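A short write-up of the structure that comes next.
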Amino acid sequence: MTYTKHLLAMAAFLVSTAATAEPIALGDLTIDKPHSFSTTEGTKSGAGYMMITNTGSEDEVLVSASSPLGMTELHKSETDANGVARMIEQEDGIPIPAGETVMLEPGGLHVMFMGLTAPLEEGEQHEVKLVFQNAGEIDLTFDIMDRGAAAAHNH
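If you count by the working numbering, then the sequence shown holds residues 1339 to 1493, one letter each, in order.
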């Protein structure tokens, strides 16, 4: 990638994340940068990512997520010794220990959207409800970002 293209990709990423610049508070939790990546026509699944910080003194658990996009589950990606990646539903939720930050990110923990009827397109937003064991429920807006712009930002 040329230097100019790299800068343009970074600029696109920064513009696309501007709407999510302010963290969202729910009790002792702070949720930062809820987003998904664009998908291609015919893709039946997508994922949601964010950073959740627990500033409290009690452990928390992200119990579930729901979205009008389709069936929504909490997952973790794992790669076995043979290099085979698989997703494992987190049936007991995702722990958010007291005083820690948990990243939901590609290749790890994430919110999985299954049964998509249309592609997720860059610039769109979609609503996701998160349910926490102690803090309760919150409706979030996930920004759809271009996967290439995000990859350029991370390098």
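We put the beta carbon where it would ideally sit given N, CA and C, even for glycine.
Because the structure is a prediction, the values reported are computed rather than measured.
- Here residue 1382 is not bridged, per DSSP, to any residue.
- Less than 9 angstroms divides the Cβ of residue 1464 from the Cβ of residue 1407.
- Taking the Cα positions, residue 1412 is about 7 angstroms away from residue 1429.
- Residue 1456 places its beta carbon 9 angstroms or farther from that of residue 1367.
- In this structure, 1392 is the residue among 1426, 1431, 1392, 1422 with its C-alpha nearest to the C-alpha of residue 1437.
- For residue 1451 against residue 1386, the beta-carbon gap comes to about 7 angstroms, under 8 angstroms, which counts as contact.
- Annotation for residue 1397: no beta strand (DSSP E) segment contains it, and DSSP assigns it neither H nor E.
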